[in-house]
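Using our numbering, you'd call the opening residue of the sequence shown number 365 and step up by one each time.
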Amino acid sequence: MTRAPKISTVGELRHSGHLQKALRSEIRDNLLEKLRAGENPWPGLHGFEDTVIPQLERALIAGHDIVLLGERGQGKTRLLRTIAGLLDEWTPVIGGSELGEHPYEPITHESQRRALELGDALPVVWRHRDERYVEKLATPDTSVADLIGDVDPMKVAEGRSLGDPETIHFGLIPRSHRGIVAINELPDLAERIQVAMLNVMEERDIQVRGYVLRLPLDVLVVASANPEDYTNRGRIITPLKDRFGAEIHTHYPRRIEAEIAVIRQETNLVAEVPDHLVEILARFTRNLRESSAVDQRSGVSARVAIAGAETIAAAALHRAMSQGEDNAVARVVDLEAAVAVLGGKIEFETGEEGRESEVLGHLLRTATADTVRHCFRGVDFSVLVAVIENGAMALTGEQVPARQFLEQLPVLGESNLYEEICDRLGATAEGERAAAIELALEGLYLSRKIGKDAEGGETIYG
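In structure tokens form, the structure reads like this:
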């Protein structure tokens, strides 16, 4: 963040050569400038590059109000918040004005009166772009006063008449003048609240308890909604639906690389989680989205994989602290801990009651097998399989430290298979090597080349 300009009066502002710019023109110009300079206007967004982002950019260039339609956990809110980055970093407003009006264009009676009285001495303060983005989660108890405004009884008590327009306390949308107002889950607003938004978005009228104020509000309204609700048969009134110039459908990441990037970006990990485990969680999430046992109408949020990664990191740290390990590194054995706590985030189809754990376990095994094939394609495991068939075993578990796991691995003679496994995954440290070899053993079990017995927190491959 840079320092705000030191200009403090409208006279100084005019003398500086400052030009007023409409909100939509400001966003359009800043977006085009970023595109012209080859700068990414949408940092932190993955998987939308060829689908959602081009549509959003065209809508902003056209100056349209926007609604994003998509299931939960598709990044709609993050996308809306990123639009604020297209505003000027600092913008001048009339000091003390309730609506943050531009010093050149006061729109409320109070600001117009002050401008006439003070002239070039009208005070100017600077507002950062972060203050020009406001967000409201639509709930059934949201009122007209919250979004539009109401009569302020305190101002009436001061002696002003009810007919005085300065007795109005403005709501969220008018207070977002010259800024962006985002409404999450728009169809959850009661119909009377949706009706109240109509004039604000189209006619720029403020109607409060019989008052009709013609305010030239300069507001960009953006919203998010579930596609099922955002229909004429859903919970959205048709006239309000018609006010949005752009309806953009979001989606879950379509490529595994984008899914992994989202997990890496959003997780707050307390221990190291190797890339192959993140890949398993990404594939597991994608399997959930394709499973007939899961209610796809409610969606499977990216937060499932994010929570999973944070859980296995916590499991690794717990093991490291209790077993005296220097470095905490998550392993395949920790995945069970993640699945055990993720069931509540997923809605299953009717008729799947009692089978939730079975479904989750099957989809996790499928994701693990796919990751093993991706990581170890071309590796010959026949030496390890032969040694295990002759009676050797490998012991691991939630509380088995990496060193103990590595020390009791089957001896492979002159074979450098363990080194090849670790090289494939870039594993060098002790915990990373244990994680890589454990993945290989799990892959051999899933391909039915060796057996596995898990009981009491310990797992034996043999």
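C-beta atoms are modelled at their ideal positions from N, C-alpha and C, and glycine is treated no differently. Owing to the predicted nature of the structure, the values given are computational and were not obtained by experimental measurement.
- Rounded to the nearest whole angstrom, the CA to CA distance from Arg812 to Asp734 is 14 Å.
- When the alpha-carbon of Ala502 is set against those of Val545, Val705, Glu549, the nearest one is in Glu549.
- The Cβ atoms of Thr760 and Glu802 sit closer than 8 Å to each other.
- Cβ-Cβ distances below 6 Å link Ile547 to Lys500, Ala502, Ala587 in the same chain, with the five nearest sequence neighbours on each side left out; the list follows chain order.
- In the three-state DSSP reduction, Tyr809 falls in the helix class (H, G or I).
- The Cβ atoms of Ile670 and Glu623 do not sit closer than 8 Å to each other.
- Between the beta-carbon of Glu711 and that of Asp659 there is about 4 Å, and that keeps the pair under the 8 Å contact cut.
- Within the same chain, and ignoring the five residues on either side of Asp429 in sequence, the residues whose Cβ sits closer than 6 Å to its Cβ are Val585, Phe608, Gly609.
- In this structure, Ala635 keeps its C-beta atom at 8 Å or more from the C-beta atom of Leu699.
- The beta carbon of Ala448 lies closer than 8 Å to those of Arg493, Asp494, Arg496, Tyr497, Ile544 in the same chain, with the five residues before and after it left out.
- Rounded to whole angstroms, Val559 and Ile601 show a C-alpha spacing of 8 Å.
- Nearest to Gln763 by C-alpha distance, out of Glu716, Glu822, Glu376, is Glu822.
- Secondary structure of Asp505 (DSSP, three-state): coil.
- Per DSSP, Pro405 lies in no beta strand (DSSP E) segment and is marked neither H nor E.
- It is roughly 19 Å from the alpha-carbon of Thr675 to the alpha-carbon of Asp690.
- Val508 and Gly535 have their C-alpha atoms spaced approximately 8 Å apart.
- Under the three-state reduction of DSSP, Tyr825 is assigned to strand.
- The straight-line gap separating the alpha-carbon atoms of Gly381 and Thr455 is approximately 14 Å.
- Assigned with DSSP and collapsed to three states, Val634 falls in coil, not helix or strand.
- The region 406–414 and the region 470–481 do not touch, with fewer than 3 CB-CB distances between them shorter than 8 Å.
- Assignment of Phe608 by DSSP, reduced to helix, strand and coil, places it in the coil class.
- If you look at Glu421, you'll find it in the alpha helix (DSSP H) that goes 416–426.
- A direct Cα-to-Cα measurement between Thr792 and Glu717 gives close to 44 Å.
- In the DSSP assignment, Gly725 falls within the unbroken alpha helix (DSSP H) covering 720–740.
- Counting along the chain, the unbroken alpha helix (DSSP H) around Asn563 starts and ends at 555–566.
- In the DSSP assignment, Leu395 forms no beta bridge with any residue.
- Per the C-alpha coordinates, the member of Ala798, Val749, Leu553, Val743 positioned closest to Phe769 is Ala798.
- Under the three-state reduction of DSSP, Leu432 is assigned to strand.
- When secondary structure is reduced to three states using DSSP, Val457 falls in the strand class.
- Taking the C-beta atoms as reference points, Leu706 is found nearer than 8 Å to Val668.
- The C-beta distance from Ala666 to Gly437 rounds to 5 Å, short enough to meet the 8 Å contact threshold.
- Only residues of its own chain outside the window of five on either side were considered, and among them Met757, Leu759, Asp817 have a CB closer than 6 Å to the CB of Ile824, listed in chain order.
- Under the DSSP assignment, Thr441 falls outside any beta strand (DSSP E), being part of the alpha helix (DSSP H) whose first and last residues are 440–447.
- Following the DSSP letters along the chain, one finds Gly543 in no alpha helix (DSSP H) but inside the beta strand (DSSP E) bounded by residues 543–548.
- Annotated as distal: Pro467 and Val583, with beta-carbon spacing of 8 Å or more.
- In chain order, Ala800, Ile801, Ala804 place their CB closer than 6 Å to the CB of Ile785, counting only its own chain and leaving out the 5 sequence neighbours on each side.
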